[in-house]
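Step one of this worksheet: look at the structure below.
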Amino acid sequence: MSRLISSAVPRSAMVTMEASRRSVLRGMALSGLAVGGASLLAACGGGDSGPATGSGATVKFGINEAEGSGAAYDRLKAIADAYAKESGTKVDLNAVDHNTFQESINTYLQGTPDDVFTWFAGFRMSQFADNGLITDLSDQWPIDGLGDSFKQAATASDGKQYFVPISYYPWAVFYRKSVWEKNGWTPPETNDDFMALMDEMQGKGVTPFAFGDKDGWPAMGTFDILNMRLNGFDFHMSLMAGDEAWDGDEVKLVFDTWRKLLPYHQADPLGRTWQEAATSMGKGECGMYLLGTFVVDALGENGEDLDFFTFPQLDSSIAADSLDAPIDGFCVAAAGKNQEAGKAMAKWLGSAAAADAGNNGADAPFIAANDGASTSTYSDLQKKSAEVVGAAANIAQFMDRDTNADFANTVMIPSIQDFLKNPDDIDGVTASIQEQAASIFG
Amino acid sequence: MSHTDEAPQQAAAAAPAQAPPQGREKKLPARDRLTVILMVTIPLLLVLLLVWLPALLSVVLSFGKWNGFGGVDTIEWVGFQNYEDIATIYPPFWPAIQHNLIWLGFLFLFPTLLGILLAVILDREMRGSRIYQTAFYMPVVLSLALIGFIWQLFYSRDQGLINDVFGTQVDWYGDPDINLWAVLVATAWRHTGYIMLIYLAGLKGVDASLREAAAVDGASEVKTFFNVIFPVMRPINMIVVVIVVIESLRAFDLVWVVNKGRNGLELIGALVAQNVVGEATRYGFGSALAVIMMLISSVFITIYLRNVFREERRG
Numbered sequence: 001m002s003r004l005i006s007s008a009v010p011r012s013a014m015v016t017m018e019a020s021r022r023s024v025l026r027g028m029a030l031s032g033l034a035v036g037g038a039s040l041l042a043a044c045g046g047g048d049s050g051p052a053t054g055s056g057a058t059v060k061f062g063i064n065e066a067e068g069s070g071a072a073y074d075r076l077k078a079i080a081d082a083y084a085k086e087s088g089t090k091v092d093l094n095a096v097d098h099n100t101f102q103e104s105i106n107t108y109l110q111g112t113p114d115d116v117f118t119w120f121a122g123f124r125m126s127q128f129a130d131n132g133l134i135t136d137l138s139d140q141w142p143i144d145g146l147g148d149s150f151k152q153a154a155t156a157s158d159g160k161q162y163f164v165p166i167s168y169y170p171w172a173v174f175y176r177k178s179v180w181e182k183n184g185w186t187p188p189e190t191n192d193d194f195m196a197l198m199d200e201m202q203g204k205g206v207t208p209f210a211f212g213d214k215d216g217w218p219a220m221g222t223f224d225i226l227n228m229r230l231n232g233f234d235f236h237m238s239l240m241a242g243d244e245a246w247d248g249d250e251v252k253l254v255f256d257t258w259r260k261l262l263p264y265h266q267a268d269p270l271g272r273t274w275q276e277a278a279t280s281m282g283k284g285e286c287g288m289y290l291l292g293t294f295v296v297d298a299l300g301e302n303g304e305d306l307d308f309f310t311f312p313q314l315d316s317s318i319a320a321d322s323l324d325a326p327i328d329g330f331c332v333a334a335a336g337k338n339q340e341a342g343k344a345m346a347k348w349l350g351s352a353a354a355a356d357a358g359n360n361g362a363d364a365p366f367i368a369a370n371d372g373a374s375t376s377t378y379s380d381l382q383k384k385s386a387e388v389v390g391a392a393a394n395i396a397q398f399m400d401r402d403t404n405a406d407f408a409n410t411v412m413i414p415s416i417q418d419f420l421k422n423p424d425d426i427d428g429v430t431a432s433i434q435e436q437a438a439s440i441f442g
Numbered sequence: 001m002s003h004t005d006e007a008p009q010q011a012a013a014a015a016p017a018q019a020p021p022q023g024r025e026k027k028l029p030a031r032d033r034l035t036v037i038l039m040v041t042i043p044l045l046l047v048l049l050l051v052w053l054p055a056l057l058s059v060v061l062s063f064g065k066w067n068g069f070g071g072v073d074t075i076e077w078v079g080f081q082n083y084e085d086i087a088t089i090y091p092p093f094w095p096a097i098q099h100n101l102i103w104l105g106f107l108f109l110f111p112t113l114l115g116i117l118l119a120v121i122l123d124r125e126m127r128g129s130r131i132y133q134t135a136f137y138m139p140v141v142l143s144l145a146l147i148g149f150i151w152q153l154f155y156s157r158d159q160g161l162i163n164d165v166f167g168t169q170v171d172w173y174g175d176p177d178i179n180l181w182a183v184l185v186a187t188a189w190r191h192t193g194y195i196m197l198i199y200l201a202g203l204k205g206v207d208a209s210l211r212e213a214a215a216v217d218g219a220s221e222v223k224t225f226f227n228v229i230f231p232v233m234r235p236i237n238m239i240v241v242v243i244v245v246i247e248s249l250r251a252f253d254l255v256w257v258v259n260k261g262r263n264g265l266e267l268i269g270a271l272v273a274q275n276v277v278g279e280a281t282r283y284g285f286g287s288a289l290a291v292i293m294m295l296i297s298s299v300f301i302t303i304y305l306r307n308v309f310r311e312e313r314r315g
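Structure follows, in structure tokens:
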């Protein structure tokens, strides 16, 4: 609606009008709970003049890392600088703390957002596309060096692309090389190997799996991988989309398998953060840890002594070629003022040059989505991550990116925690999830 | 609400004490009247706009289903569906109500009484009382993020001080049967100092001649406190009661720092936040929770107001 009239009314006036109406309504509705973040994010837009793109133009770039927050900020800053230098466009950086950014994204996009902003692939992106909050980028695709799986991840439900990926990180089973060498352990090939390995570890007084779920989300990774291994990728995705029953036999099988694996996990996961669990693995108290590559951050080292394998096959009829590998990247806000400049920058952000600029600008490099990006700064861990993800037939984005955020946060986190507290009541947990899913998905 | 019919009487009761010599029937000069009108209407408008309007809109929104995308015309009205869901299929709700009540009882029984006791002791101006005062009040000054961090150092299962010193493996923050009490202890650490300072300020204001009179009459310290000082402190006692009720209803921050109010730490305030702050944007559902919280607090407010007005009418 509003986008139709926007040609008649000056765009800037429209945006302000809409912003104030919405933020006032929202503020009232929520008794001021959520407005703080919105005003923080929507740094007021001054009148921008000059050409839309190229030299002399300004593009506003909203990033989800606060200044001084470490490598992640340094990379984005380096990317912004590189683009400014190469295109002559002035890049106006709006750096916001990660959680604040994520928590106010709704109000941000419906207020006065920056032209280009950092975001994630998956349902979270698709939902914005469905609601007209982000700009169709299909005229910028294909982008050199970004393969089909990335194009797929950038595609919303209408079949068009709304996203440009820059990096990703796989979820896998990590372990300390030195600890495994000393014990003569090798990555399991089959489920039997896997079970034998865990029994052997327990025999030596080592807890096979480190496990922490105080924050609620890390255990989602275990659910994801078990579901993909036991029921296949397609089932997993349609379950995430709300098209399958949560109290069906498939989901019960996942929880039942998990219940049998729990004795191999660290006890009391609900009081432990993922960082504390990673430390236990680092100290050799636990043999392995199912987590994203960011496990390195908690170990305070560069990961030279770390290796990983993908979760083994559990059902002989389902290939073990799917994994969680969340993709980070960029979108162009539909309410952004400078659409042309935003699109041009988004396309460049997908290039090998953007990834290289980011990786050269920070100590800890990410794994670039673009094939052409230089891998000279990569550690062995990163090279292997790129290899494993490249070989995967299906890539999921992680539960809280693949399904409705309302459902993931308010239903799945407490339900999985309930299951971990009381693993024997699978029927109760799945029935409760299904009731709530029906209410949310409608 | 009881205050609508009782408010005029309150004004009438209070007026004689401050009435100007010429009698209160006489009209105020125009400028003074304007001042009074402005002083009443501006705060009133602010209160209506910032408190009552949002509250009313929350009530309206609680009958709808809305994820915050698009304008208000996209709200799907579902009647009492949200309330029904909360009471029937939303597992954290009943534990949250229970935890809020436990919170209220605990705050009254332990830190509040302890705070009052500390205030009475410190009021005796023993040596170094300022140092104690500062020490007890320090936690109130610290930011909650810092408090959460400090207690994490005590409570962490694998690396915490308590388990290290005693060689135990208690999962203080993760075990849902224990973590509420662990958090309550951390809250008490802060609440005690808060109550102590308020009560101490009140005690300093008690007329010294009352104590002297009691001493002359031969009353013991304990008797003096319960029979003379405590009744004189009535306004402060009332404030303390109100503070404890408010603190236990809006208790939120510590559990949020610990685990976002899940797994044994559910509180109504945390549930509201889980549903409307952050990426989950179930505005209708969250509003329904907020309305329930408002109803509960209005019970306490009504009791309080009734009490206050009854007193003033009598006095």
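Protein chains in written order, with my numbering: chain L, 1 to 442; chain Y, 1 to 315.
For every residue, glycine included, the Cβ atom is placed at its ideal position computed from N, Cα and C.
Residues of chain L whose Cβ lies closer than 9 Å to the Cβ of Gln159 of chain Y are, in chain order, Glu276 and Thr279. Any Cβ of chain Y closer than 9 Å to the Cβ of Gln202 of chain L would place that residue at the interface, and such an atom is absent.
Annotated as distal: Tyr194 of chain Y and Val258 of chain Y, with beta-carbon spacing of 9 Å or more. For Trp181 of chain Y, no Cβ of chain L is located within less than 9 Å of the residue's own Cβ.
For Lys160 of chain L, no beta strand (DSSP E) run applies, since DSSP gives it neither H nor E. Non-local beta-carbon contacts of Ala55 of chain Y in its own chain, meaning distances under 7 Å to residues more than five positions away in sequence, involve Met294 in chain order. Comparing alpha carbon positions, the residue from Y:Arg234, Y:Thr281, Y:Glu247 and Y:Gly286 closest to Asn307 of chain Y is Y:Arg234.
Counting only residues of its own chain and dropping the five nearest sequence neighbours on each side, Tyr73 of chain L has a CB closer than 8 Å to the CB of Ile63, Glu65, Ala66, Glu67 and Ala95.
Pairing Leu270 of chain L with Gln417 of chain L gives a Cβ-Cβ distance under 9 Å. For Thr192 of chain Y, there is no enclosing beta strand (DSSP E); the enclosing alpha helix (DSSP H) covers residues Asn179 to Lys204. Three or more pairs of CB atoms, one per stretch, sit closer than 8 Å, so the stretch 117-134 of chain Y contacts the stretch 200-218 of chain Y. For Asn259 of chain Y, the chain L residues whose Cβ falls inside 8 Å of its Cβ are Lys214, Asp215, Gly216 and Leu270, in order along the chain. With distances taken between CA atoms, Phe174 of chain L lies nearest to L:Pro188 out of L:Tyr168, L:Trp217, L:Leu253 and L:Pro188. Interface with chain Y (9 Å Cβ-Cβ cutoff): Arg259 of chain L is excluded. Here Ala325 of chain L is near Gln397 of chain L, since their CB atoms are less than 9 Å apart.
Beyond the five residues adjoining it in sequence on each side, Phe366 of chain L comes within less than 6 Å, by CB distance, of Ser167 in the same chain, given in chain order. If the five residues before and after Met198 of chain L are omitted, its C-beta is found closer than 6 Å to the C-beta atoms of Pro208 and Tyr264, all from its own chain and listed in chain order. In the DSSP assignment, Trp171 of chain L is bridged to L:Gly292.
Annotation: the continuous beta strand (DSSP E) that includes Leu323 of chain L extends over Ser322 to Asp324.
Here Trp103 of chain Y has Ser248 and Ala251 as same chain residues with Cβ atoms under 6 Å from its own Cβ, once five neighbours each way along the sequence are excluded. When rounded, the separation of the alpha-carbon atoms in Asp380 of chain L and Gly70 of chain Y is 46 Å. With 16 or more other Cβ atoms inside 10 Å of its own Cβ, Leu239 of chain L counts as buried. The C-alpha of Asp158 of chain Y lies about 51 Å from the C-alpha of Ser220 of chain Y. Flagged as an interface residue toward chain Y: Thr410 of chain L, by a C-beta distance shorter than 9 Å. When C-beta distances to chain Y are compared with 9 Å, the residues of the stretch 424-436 of chain L below that value are Ser432, Glu435 and Gln436, in chain order. When DSSP states are grouped into helix, strand and coil, Asn263 of chain Y belongs to the coil group. Spanning the alpha carbons of Ser143 of chain Y and Leu107 of chain Y requires a straight line of approximately 20 Å. In this structure, Arg401 of chain L sits away from Phe128 of chain L, with a CB-CB distance that is not shorter than 9 Å. For the stretch 90-113 of chain Y, residues whose beta-carbon sits nearer than 8 Å to a beta-carbon of chain L comprise Tyr90, Pro91 and Pro92.
Residues of chain Y with a Cβ closer than 8 Å to the Cβ of Ala219 of chain L do not exist; the shortest Cβ-Cβ separation is about 11 Å. Straight-line spacing of the CA atoms in Ser317 of chain L and Thr190 of chain L works out to 13 Å.
If the five residues before and after Trp217 of chain L are omitted, its C-beta is found closer than 7 Å to the C-beta atoms of Asp400 and Ile413, all from its own chain and listed in chain order. Distance between Asn231 of chain L and His191 of chain Y, taken at the CA atoms: about 51 Å. By the Cβ criterion, the stretch 304-314 of chain L is in contact with the stretch 176-183 of chain L, since at least three pairs of Cβ atoms, one from each stretch, lie closer than 8 Å. Sequence-distant Cβ neighbours of Arg282 of chain Y in its own chain, meaning closer than 6 Å and more than five residues away, are Asn275. The continuous beta strand (DSSP E) containing Trp119 of chain L extends over residues Val116 to Phe120.
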